[in-house]
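With the first letter of the sequence shown counted as 1, position 495 gets the number 504 in our numbering; the numbers rise by one all the way through. Every residue, glycine too, gets a C-beta built ideally from N, C-alpha and C. Here the structure is a predicted model, which means the values were calculated and not measured. Here the structure comes first, spelled out in structure tokens, and everything after it is commentary.
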Amino acid sequence: MTNDATAACWRSQPRRMQRDRMADATDAQCSMLNAHERAPKCQENMAAYRSRATQDTQDWLSRLPSAPSFQSGTTAPECQSALQSGKPAAPAAGAGPTASPLLNWGAFPTRNKRPAPRTWGPSPLDLADARRGSNHKQKNMSKSPTTTITVAIAGGGPSGLTLAGTLGREAPECFEVTIFERGAKDRDQGAGWDVSAEAQASLQRAGVNPQVYQCPGSDNMRFYKAGESDPLTVLRLPPYLERLGVKKAYLGLDECNLETERSKIINALVESLPPSTTVLYDTVISEATQDSEGKMELLGRDGSSLGKFDVVVDASGVSSRLRRTRFTEEADSYYTGKCLLRSTMDNPRKTCSAEISSKLSGTTGFYGPSSDGLGTEEVMLQRFGVHSPKYTLSLTISIQDPQRLVDQLKFEGIHGSTNDPEALQRVKDYVDKRLAAFPSGYREMFDGISSAHVTRVKMHPSYEEAMKSTTPGSDELPFLSIGDALHALPPWSGMSGNYSLQDANDLATALIEEHQKGDWSSESIAIKFRELEKDFSLRTEDRRKEVAWTMDDKDYMSSTPIKDFAMVGRITNKPWSWKDPLQVIAGFMRFVTFLNRFDNYGVGVL
Ligand SMILES: Cc1cc2nc3c(=O)[nH]c(=O)nc-3n(C[C@H](O)[C@H](O)[C@H](O)COP(=O)(O)OP(=O)(O)OC[C@H]3O[C@@H](n4cnc5c(N)ncnc54)[C@H](O)[C@@H]3O)c2cc1C
């Protein structure tokens, strides 16, 4: 049937039938979305879009003197502009009534058929292209619903990629997203990561199913005194209680999440980016400034322009340089006084002793005597995820100047990990001395390492503190830091990455809503960003207080011999006593450990 014939056939139908078919099309779109198991928040958004779209359809139909002509590939913004001008979108050959404009609104890209997103290392030509593109936009900047919002994301870590993926999947026509990542595509992505339920929903919304990468049954933490067979503390919901309907939250264990491989998640996020998203690797962002028209200009390492954008999102992690756009130096992240000497073990189940290997699952901690016998040392192991036998092995080191440790180990620098065999040998020598009083099997764990890294653990001050140090004039900027760039917490909080993914999810929702309003401007986005900055920061505050309160355990660890060591002292930084109100924490941990006793503490389950 030709297009004209189709339109004639459509016109011949009664108006109510036309409306019903349009509504059916909208429903069909929604069931397609449901079939892809959208995250709950996303489903809410789509429900809002659906009702709005249905309303638009009805308005449109009531205004049109005759049936509209449909263009395959017409998008909702185009649909809205057609609505504003009072004219339907231009007809396209072969398009029939079922090619509703609404069908393309936030439709899922077909994974199999989609070409890969544009990724490259920047050449001068690429950057010139990127600049030309944004300058072109600037000249044509009219803030109507049809205008694409150009979004620059500094940092291709979990939060930046989740934001880009969500915008690209749900509103590809509304946003033009460019990610600037300082590292190479094949850079070290880190290791295990316990992803919370909320963070899983955010990843799912961005097109990644984290469950694929999770290690079933690894949602537990076990802490041992080195050489002892029974654990000191076990944080785990025993399966027999689960079968009785007990939930993790009832025992305060809801933050014991399944081990997931971080690099797999990041790679999957990159793969699920739509082709319209540009990823520039090996590109460092050093500064963002606003021009007289309200656009944000990004500057590279050498001060050259990397383009102008309507919105800049800083997702560049705990040591963000861009954060200074919003906060002064006083609100920078600060060093917690602790380093992690982190190494990767390729297959500890093969290289460790049978005794240690049997204790591995989820997160495992071993405590043993310091070399002088006066204090206690901590070694932690964290599994990568389901597809990998690898583990991260970390030694926690309290040291005022982490550079001294880097110099002592003769690492190239504080950034990046090393797999240089000589450097790894120096790590083993260092560990041999430091853990000299541990049973030998625990030192030998380090014989199986394949890379090592010194992580300076940093965190940000509270929101209240940060707000005392805002950069003058920054309230009005369409600039927002998210994730670790805004509110980093130490790894032992177990939540910093989870909050980061929630930020990306909520920011995507807010940007889509802002675009939907139709009259967005850099001012309206800046106002929204200040609200989000507050919300994102405040949700981390309880955990920040806990972490700050428990952080300085240096004295306890250096002055408590292993025979007196207790987990609660590690948390509260003081010897445990029955008179202390904090005994409730000790009581809780003992109770959960006791419950696990009837299930052999879960040892040997994995
Ligand atoms: C050992 C360890 C274990 C952890 N375990 C957990 C856990 O179990 N659960 C949890 O929730 N969290 C955990 N975390 C924290 C979690 O990894 C971070 O919170 C999370 O990675 C933050 O994501 P992000 O995208 O905000 O920042 P990042 O992951 O830091 O990503 C920032 C990206 O920006 C890039 N970048 C930096 N500067 C620039 C620049 N100037 N220009 C361009 N690009 C730049 C970086 O190369 C990087 O790719 C752990 C962290 C560590 C170190």
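{"query": "Between Thr292 and ligand 1, is the CB less than 8 Å from at least one heavy atom?", "result": "yes"}
{"query": "Relative to the C-alpha of Asp456, which residue among Tyr290, Val186, Leu433 is closest?", "result": "Leu433"}
{"query": "Verify the contact flag: Arg335, CB atom, against every heavy atom of ligand 1, threshold strictly below 8 Å.", "result": "no"}
{"query": "Closest by CA to Gly492, which one among Asp515, Thr345, Ala258?", "result": "Asp515"}
{"query": "Per DSSP, what kind of secondary structure is Ala497 in: helix, strand or coil?", "result": "coil"}
{"query": "Got a sec: does ligand 1 put a non-hydrogen atom nearer than 8 Å to the Cβ of Trp529?", "result": "no"}
{"query": "Please identify the residue among Asp291, Pro378, Glu306 whose C-alpha is closest to the C-alpha of Tyr565.", "result": "Pro378"}
{"query": "Report all residues from its chain with a CB closer than 7 Å to the CB of Ser505; omit the five preceding and five following residues, and keep chain order.", "result": "Asp493, Ala497, Leu498"}
{"query": "Just verifying my parser: in three-state terms, what is the DSSP assignment at Glu207?", "result": "helix"}
{"query": "Within 10 angstroms of the Cβ of Gly254, are there 16 or more other Cβ atoms? Answer buried if so, exposed if not.", "result": "exposed"}
{"query": "Taking Glu387 as the reference, give the member of Leu350, Asp228, Ala363 with the closest Cα.", "result": "Leu350"}
{"query": "Taking the alpha carbon of Met354 as the reference point, which residue from Lys399, Asp589, Gly374 has its own alpha carbon closest?", "result": "Lys399"}
{"query": "Would you mind reading off the limits of the alpha helix (DSSP H) that contains Ser168?", "result": "167 to 179"}
{"query": "For Phe600, which three-state DSSP category applies?", "result": "helix"}
{"query": "In chain order, what residues of the same chain have a beta carbon less than 7 Å from the beta carbon of Ala258, not counting five sequence neighbours either side?", "result": "none"}
{"query": "Can you list, in chain order, the residues of its chain whose CB lies under 7 Å from that of Thr464, leaving out five sequence neighbours each side?", "result": "Cys348, Leu349, Arg351"}
{"query": "Exposed or buried, which one is Lys526 when buried takes at least 16 other CB atoms within 10 Å?", "result": "exposed"}
{"query": "Taking three-plus beta-carbon pairs below 8 Å as touching, is the segment 365 to 373 in contact with the segment 519 to 535?", "result": "no"}
{"query": "Thinking Leu260 and Ile294 are a contact (beta carbons under 8 Å), I'd like their distance in whole angstroms, please.", "result": "With a Cβ gap of about 44 Å, Leu260 and Ile294 do not count as contacting."}
{"query": "So the candidates are Gly177, Ala557, Met598; which of them puts its Cα closest to the Cα of Asn582?", "result": "Ala557"}
{"query": "Ligand 1 and Leu331: does any heavy atom of the ligand fall closer than 8 Å to the residue's C-beta?", "result": "yes"}
{"query": "What does the alpha-carbon distance come out to for the pair Pro167 and Leu278?", "result": "8 Å"}
{"query": "Per DSSP, what kind of secondary structure is Met389 in: helix, strand or coil?", "result": "strand"}
{"query": "Measure the beta-carbon distance from Glu268 to Ser227 and round it to whole angstroms, keeping in mind my assumption that it falls under 8 Å.", "result": "4 Å"}
{"query": "With a Cβ-Cβ cutoff of 9 Å, do Phe488 and Leu315 count as a contact?", "result": "no"}
{"query": "Where Asp484 and Ala163 are concerned, what is the direct C-alpha to C-alpha distance, given to the nearest angstrom?", "result": "19 Å"}
{"query": "Quick check: does the Cβ of Ile458 come within less than 8 Å of any heavy atom belonging to ligand 1?", "result": "no"}
{"query": "To which residues of the same chain is Leu404 closer than 6 Å at the C-beta, ignoring the five residues directly before and after it?", "result": "Leu350, Val388"}
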